[in-house]
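Everything below concerns the one structure shown next.
Numbering (my numbering), first residue to last: 1226 to 1401.
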């Protein structure tokens, strides 16, 4: 039987956690192979697929960096990472689903009105995820019926983000 969402984060040891089928490992200092680096606590975080069988775990303690904020039965859970990622991390509020169909532009732009819909996955993300998402997610392509090159809009956005200093973690993401 699958664990309820409120039990989806488990501790392996002081620096390793299981989140569903994934493992997060924290190590002191910068690592070239990490998934992300947090300057605020000078720690590298590496996200990998957990080994099979899963390693033994213990219940999260009251002092664990992962704390359950609230849960709604088995359908939703909100976690806080207290002290795990410092406030100095470059986390930004991001829509997280800027597919062309979620950006509404007035058909005959007289006022420049633009609407953005579908905010259900919006939240705080590492700044580097914004460009990375445009690099890896074909869900942000234009519809095939609109163009012969549906990826062109997504490619253009990620290049503009790069020109504005957004980093790209696509290679690290693809290595997972």
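Ideal placement from N, C-alpha and C gives every residue a C-beta, glycine not left out. Just so we're clear, the structure is a prediction, and the values are computed from it rather than from any experiment.
Sorting 1372, 1393, 1326 and 1383 by C-alpha distance to the C-alpha of residue 1344 places 1326 at the top.
Nearest Cα to residue 1366 within the set 1382, 1261, 1393 and 1237: 1382. Distances from the alpha-carbon of residue 1354 to those of 1318, 1338, 1268 and 1234 put 1318 closest. By the CB criterion at 8 Å, residue 1357 and residue 1394 fall inside the cutoff. Per DSSP, the continuous alpha helix (DSSP H) segment holding residue 1382 begins and ends at 1377–1388.
Taken through DSSP and simplified to helix, strand or coil, residue 1280 comes out as coil. DSSP places residue 1344 outside any alpha helix (DSSP H), giving it a letter other than H or E. With fewer than 16 other Cβ atoms inside 10 Å of its own Cβ, residue 1384 counts as exposed.
Shortest Cα-Cα distance from residue 1329 to any of 1338, 1321 and 1322 involves 1338. The DSSP-derived three-state label of residue 1391 is coil.
Under the three-state reduction of DSSP, residue 1351 is assigned to strand. The C-beta of residue 1349 has fewer than 16 other C-beta atoms within 10 Å across all chains shown, which makes the residue exposed. When 1257, 1281, 1323 and 1238 are compared, the shortest CA-CA separation from residue 1290 is found for 1238. Per DSSP, the continuous beta strand (DSSP E) segment holding residue 1271 begins and ends at 1268–1274.
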